[in-house]
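Protein chains in written order, with my numbering: chain A, 5 to 504; chain B, 28 to 520. Okay, structure first, notes after.
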Amino acid sequence: MPELTNSSALELAAGLASGEFSSVEVTQAHLDRIAATEDDFNSFITVTDELALDTAKAVDAKRSAGEDVHALAGVPVALKDLVVTEGVRTTAGSKMLENWVPPYESTVHSKIRAAGLPVLGKTNLDEFAMGSTTEHSAFGNTRNPWNLDHVPGGSSGGAAAALAGFQAPLSVGTDTGGSVRQPAAFTGTVGVKPTYGSISRFGIIAMASSLDQVGPMGRSVADAAALHELLAGHDPLDSTSLPDEVPGFLDAARTGELKGKKLGVIKQLRGEGYQDGVRDAFSAALEVAAAAGAEIVEVDCPAISYALDAYYLIMPSEVSSNLARYDGMRYGLRVEPETGPVTAETVMSATRAAGFGDEVKRRIILGTYALSAGYYDAYYGSAQKIRTLVQNDFAEAFASCDVLVSPTAPTTALEFGAEAAADPMALYLGDVATIPANLAGIPGLSLPAGLSEGLPVGFQILAPAREDVRLYEVAGPLEAALESAGGRVLDTLAEGLEAK
Amino acid sequence: MKYEDAIKKYDPVIGIEVHVELGTATKMFDAAPNTFGGGPNTNITPTSLGLPGSLPVVNEKGVEYAIKIGLALGCEIAETCRFARKNYFYPDVPKDFQTSQSDEPIAAEGQVEVELSDGTLVTVPVERAHMEEDAGKNTHVGGATGRIHGADHSLVDYNRAGVPLVEIVTHPITGTGERAAEVAAAYVRTLRDIFRALDVSEARMEQGNVRADVNVSLRESPDAPLGTRTETKNVNSFRSIERAVRFEIARQATLLEAGEKIVQETRHFHEESGETSSGRPKSDADDYRYFPEPDLVPLQPSREWVDRLRETLPELPAQKRRRLLAEWKFSDLEMRDIVNAGLLEAIEDTVTAGAKPSAARKWWTGEVARLANQEDRHPTEIVTPAQVAGLVDLIGQGKLNDKLAKEVLSGVVAGEGEPAEVMDARGLEIVEDTGALEAAVEEAIAANPDVVEKIKGGKMQAIGALMGPIMKATRGQADAGKAKELILAKIGV
């Protein structure tokens, strides 16, 4: 395992700052690693070698000229292919946008460009972020670096696999119902779903607008915190963007203490349907936290039992509307009907039939139905009420706890072709622990908490809205405590890869 | 069945939806310029094209204009309201949904006082005014008619997509009887005047700034439940609105008389024939799957802001008419004529420029209107209020009489300059030289002894026979009053 690709983003940042190595060297090392491993992992839809090296050169030049640069300047990053990149193909993992080159820039990519982070490429995902295995991509499956027979999770599966496979030190994902946290859990990496509105959605291809949030991902809590700091902040182009000042997330991750912190274990999220190995790893992590001085209590959030149902009404409803624009009239795929007249209606129909995969179609149909006259109150209306109840439950729980905790997912990474992986309902159930945070708009973080049968287990921390800083205050010291107790989870993989 | 018969037999109920394009600098949800014209697809941004990842941001000026309209219509302004998505697939709708407002409009429950041509006042109840965005424009190419049928392809221009609109919806307007068609047109005209007074839109019907959809239904009597309605879309002139309502009332009555049912549908109005034709059935099959727009936060106009807008609301046309009527002391009929002739503003400006209201009215509705009529133009297009005020002033100073003033006016209309300049250039100023006038009077008396005898005999109107020669001798510049005085003095009556 070459040293540069095994380093954390902050180690790379330090080495770049001290002149130990250049951004071109760092970037090239990662591009080489991608070239050597992509056949196995398929993390990327598009690798942007030239763009990355151009950025690296420019940053190196600035540094040699003594100019002030961002702390992360020169540290490469991978972007989920849901983030619009001006001039670089952006597919959303769909045939619909297979050849779409955006004529405008997203706020996320603007910030990354301005800070001088070389973009290695666009990572694979479930089509339009719909799925939890990355099997619903029009660009093939991404495989879990821990075991190529297993899924990396999803929808930010490519982003997570790129981290776990040491192809990229940082990744940007998106999380609508767990799409950052669950793949982080499945790959032994760290994924954060910030408070809704923390990071601009301008230029993030929408799945479900009221739930979507960009998430920083890394191989350590501190790396994710540093990336979160870079991406967060008010954006006048996103009406749902928060006006808040960005707090020092990295500082919180470094100086936070478990001593005196009250961790509420959500009663509803540790029982039935959880693999024994997941439960055991979670309990062991709680013991480590307690040993480090944290107080562990159990909290009751009854509305969470209905969160999944509410999510699967609200999410598809918004999906059905957000994805209406892919009609073959202005951009992207356009398919004319094979028989019959060529009219706007038949072209729209043929385009959507050919361009969307089954999971996307399934959700569009669900959402169209849920919003229909006569059903709206029973479905969308009721779901919004549950959403309020979930928010209330969380508010009550946070009144007595600093953070809430649970396993990130009920299982470890599923095997390709496993029965559960083929059953949409079983897969939907896998989101049970992550969805409530999206419904309530609160922030959540997943960090690795050991292994179960050779696969990583994720530990989820939830904080009140706009208190993302608490995630890092707890996750930072917890990560340290877990590593000193059982070693760094990803080291196991790194050793395994080296042995190969 | 003819309209006249139809309204004797049935009670018509109308309902009107008016869309007005707001005159903001940019579109409702993005920074693309909101301007008329320009090359196709030039006034666009990623948001007005609905590109993947693009997001809307509310135009605050658009909200301000909507609130002003709501206030002017006497509506309640919502303390909180939301945008909603109206989902439907159509090529001119870039996102395949229109951002509109559904069950939470910004303004609700108002009324508009509408004045008909004979001065009758009708109160039209307004249900709501809500904000939304316009769609793009389709052009169908290759067919003979320019319609989609028979065309071989269509072009879409998204310049208009996202232009801010306010839609004003009335409650059913009842009790208008035989004047239903007239009320419909007068209502839209009143709204147009209000939009202009508020300065929220150019409100030009011919540019499509103001568009009306007209709902019509008939019932047996005012006590009967509402009948099935039709909605005639995009009727875009006052005259067309009146014709469309008349046609629909007659058409529906004919069907009802034949024992047939009215189909609830949208209909199209045809300018050439004055008829409407069936569009598409409008029924429960229309399901727009409205839901709150998740990309925008609820709108909560502060009460302070609303109050400030209320205070700065300009005088509305109806208020102004009442005020001016009192100030000018015209008769109701005179006032109505002015309003109907579109001369209220011109006369107001002329009075502001110093003319007496009666004189301003006399010139605008008299000689100016006559000259304009000859050229098939509006009086305000041939002279300015300042020019009419100048003319009136010259008369007041005694420099012109009415006859000379008309000559000066024709010079002004011909572009010869301001009234005083035309008067000087044409040498039309009334002669103040009494010597010249006396000479002309004496000459006329000497030449017409028979007329003089008649005057001496008490036939005062015979003086007129002397005025001709006097005016001729003074090239029309004699002051008629003074000449008359002199005649009487000289012949000793």
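Note that CB positions come from ideal geometry on N, CA and C, so glycine has one too.
What does the alpha-carbon distance come out to for the pair residue i and residue j?
i	j	result
A/F463	A/A165	18 Å
B/A171	B/D179	10 Å
B/T303	A/S110	48 Å
B/P344	A/N103	56 Å
A/G458	A/W150	8 Å
B/T107	A/M319	25 Å
A/F286	A/P414	11 Å
B/T293	A/G192	60 Å
A/I209	A/R366	19 Å
A/P306	A/K271	9 Å
B/V141	B/I41	14 Å
A/M1	A/K197	Residue 1 of chain A lies beyond the stretch modelled for chain A, which goes from 5 to 504, so this question has no answer here.
A/I368	A/L327	8 Å
A/A77	A/Y380	49 Å
A/H232	A/P247	16 Å
A/D36	A/A377	55 Å
B/E275	B/V196	19 Å
Using a Cβ-Cβ distance cut-off of 8 Å, determine whether residue i contacts chain B.
i	result
A/D248	no
A/S214	yes
A/T546	Past the edges of chain A, shown from 5 to 504, lies residue 546 of chain A, and the structure says nothing about it.
A/L290	no
A/I116	no
A/F206	yes
A/S376	yes
A/I203	no
A/I209	yes
A/A358	no
A/A485	no
Taking only beta-carbon positions, decide if residue i is within less than 8 Å of chain A.
i	result
B/N114	yes
B/D311	Because B/D311 carries a pLDDT of 49, less than 50, the predicted location of this residue cannot be relied on, and the following value inherits that uncertainty. Yes, its Cβ sits closer than 8 Å to a Cβ of chain A.
B/R316	yes
B/L436	no
B/L123	Reading the sequence as shown, one finds Asp at residue 123 of chain B and not Leu. Yes, B/D123 counts as interfacial toward chain A.
B/P344	no
B/P73	yes
B/M55	no
B/I365	no
What is the residue span of the beta strand (DSSP E) that residue i lies within?
i	result
B/V45	38 to 48
B/N114	111 to 114
B/D240	237 to 246
B/N261	257 to 262
A/K197	194 to 197
Output the boundary residues of the alpha helix (DSSP H) element that contains residue i.
i	result
A/L246	Premise fails: A/L246 is in no alpha helix (DSSP H) and is neither H nor E.
A/A311	311 to 326
B/G454	Counting along the chain, B/G454 falls outside any alpha helix (DSSP H), and DSSP gives it neither H nor E.
B/K499	490 to 500
B/I422	412 to 423
If the cut is a Cβ gap below 9 Å, which residues of chain B does residue i touch?
i	result
A/A75	Per Cβ cutoff of 9 Å: no residues; A/A75 is ~27 Å from chain B at best.
A/F25	Neighbours of A/F25 on chain B: none; closest Cβ ~35 Å, over 9 Å.
A/M352	F116, P118, D123
Please list the partners that residue i has in chain A, where partner means a Cβ-to-Cβ separation under 7 Å.
i	result
B/P252	Near B/P252 there are no residues of chain A at all, since even the closest Cβ is about 23 Å away, more than 7 Å.
B/L323	S243
How would you list, in chain order, the residues of chain B whose beta-carbon sits under 8 Å from the beta-carbon of residue i?
i	result
A/P240	V84
For residue i, is the beta carbon positioned less than 7 Å from some heavy atom of the ligand COA?
i	result
B/T411	Questions concerning the ligand COA fall outside what the structure shown contains, since it holds no ligand whatsoever.
Cβ closer than 7 Å: which chain B residues qualify as neighbours of residue i?
i	result
A/Y108	P73, L78
If you measure beta-carbon to beta-carbon, which residues of the region 75 to 87 of chain B are closer than 9 Å to chain A? L76, G77, L78, P79, G80, S81, L82, P83, V84, V85
Of all the residues that make up the region 332 to 343 of chain A, which are near chain E by a beta-carbon distance shorter than 9 Å? Considering every chain present, this structure includes no chain E. Its protein chains are A and B.
Mind listing which residues of the region 88 to 106 of chain A have their C-beta closer than 8 Å to chain B's C-betas, in chain order? V88, T94, A96, L101, W104, P106
Positions along the region 316 to 333 of chain A whose CB lies within less than 7 Å of some CB in chain B: S321, E322, S325, A328, R329, D331, M333
Could you run through the region 118 to 143 of chain B and flag, in chain order, every residue whose CB is less than 8 Å away from some CB of chain A? P118, P121, K122, D123, F124
What are the residues in the region 119 to 139 of chain A lying within 9 Å of chain B by C-beta distance? none
Along the region 363 to 394 of chain A, where does the CB come closer than 8 Å to a CB of chain B? Name the residues. T372, L375, S376, A377, Y380, Y384
In chain order, what residues of the region 163 to 190 of chain A put their CB closer than 7 Å to some CB of chain B? none
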